[in-house]
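Reviewing the structure listed below.
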Amino acid sequence: MNLRPALAPALCAGVLAGCLAAAQAADAPAPAYPQGAATFQGNCAVCHGPAGAGVPSLAPPLVSYPARYAARAEGRGHLAMTVLYGLFGDIVVDDKHYDFRMPDFARLDDATLAATLNFIVFDLGHAPASVKPIEAAEIAAERAHVVDGAAVREHRKSVAP
Ligand code: HEC
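Residue numbers for the sequence shown follow this note's numbering, beginning at 3 and rising by one.
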């Protein structure tokens, strides 16, 4: 779907930051992970913004560091844990504090969650081609070890010191 910039503001329910981002997204190239993009827009954009730019003091931007996480095994596990179990407790991203609650998305299947993370890592975060796409099996591996959002925050310390 390619929203014409003139149409985008009418379609995004009057949230100013969201409208601006949607208008910009209309000029972006087609995503490499269209299914992940659709899941992101339907489930994640409400907090992280349609282009993943984040919303001050609500939810962090996802345009840079998740791509770095994806280059390391611990980071890939952390991304899977975050979408499966959520994340809560204070975190700092680009010198800004976020202390809200990332909900869990365990109800979405492994392939859907992998595609959504790949949209973040490759389409929003522009990870280099040397980074391997996240596979459904990597989501399944974390699904087998149930934790809560506070434990995900503890685990985060090993990937974002
Ligand atoms: C209700 C708002 C909300 C929704 C919806 C939401 N998130 Fe989040 N997300 C957050 C918040 C808040 C944080 C930071 C958590 C904290 O402060 O501890 C976060 C953090 C993250 C992080 C960063 C983890 C880290 O270690 O820095 C990722 C990745 C992420 N979310 C992905 C997603 C994806 C993918 C979706 C959709 C499937 C999604 N989020 C939906 C609020 C949300």
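Note that beta-carbon positions come from the ideal geometry of N, C-alpha and C, so glycine has one too.
Which of the three DSSP states is assigned to leucine 60 in this structure?
Within the sequence shown, residue 60 is the residue found at index 58, counting from 1. Residue state, collapsed to three classes: coil.
Which ranges does the alpha helix (DSSP H) cover as unbroken runs of at least 4 residues, wholly within the region 129 to 153, from first to last along the chain?
Fully enclosed alpha helix (DSSP H) runs of 4 or longer: 138 to 145.
Give the secondary structure of serine 160 by DSSP, where H, G and I count as helix, E and B as strand, and everything else as coil.
Counted from its first residue, the sequence shown places residue 160 at position 158. DSSP places serine 160 in coil when its eight states are reduced to three.
Using the three-state DSSP reduction, which class does tyrosine 67 fall into: helix, strand or coil?
For the purposes of this step, residue 67 is identified with residue 65 of the sequence shown, where counting begins at 1. Residue state for tyrosine 67 is assigned as helix, using DSSP reduced to three classes.
Within 8 angstroms, do at least three Cβ pairs link the region 139 to 146 to the region 64 to 73?
The region 64 to 73 makes no contact with the region 139 to 146; the number of CB pairs closer than 8 angstroms stays below 3.
Inter-residue Cα distance where the pair is isoleucine 122 and glutamine 43
Within the sequence shown, residue 122 is the residue found at index 120, counting from 1. Within the sequence shown, residue 43 is the residue found at index 41, counting from 1. Linking isoleucine 122 to glutamine 43 through their CA atoms gives a straight-line distance of about 11 angstroms.
Measuring straight from C-alpha to C-alpha, what distance separates histidine 157 and histidine 80?
Within the sequence shown, numbered from 1, the residue matching residue 157 stands at position 155. Within the sequence shown, numbered from 1, the residue matching residue 80 stands at position 78. Near 7 angstroms, if we compare the C-alpha coordinates of histidine 80 and histidine 157.
Would you be able to state if there are at least three C-beta pairs under 8 angstroms between the region 29 to 38 and the region 104 to 117?
Flag = yes, the region 104 to 117 and the region 29 to 38 touch.
Between the CA atoms of aspartate 101 and valine 94 - distance to the nearest angstrom
Within the sequence shown, residue 94 is the residue found at index 92, counting from 1. Within the sequence shown, residue 101 is the residue found at index 99, counting from 1. Straight-line Cα distance between these residues: approximately 9 angstroms.
May I ask which residues mark the beginning and end of the beta strand (DSSP E) holding tyrosine 35?
If you number the sequence shown from 1, residue 35 lands on position 33. Judged by DSSP secondary structure, tyrosine 35 falls outside any beta strand (DSSP E); it is assigned neither H nor E.
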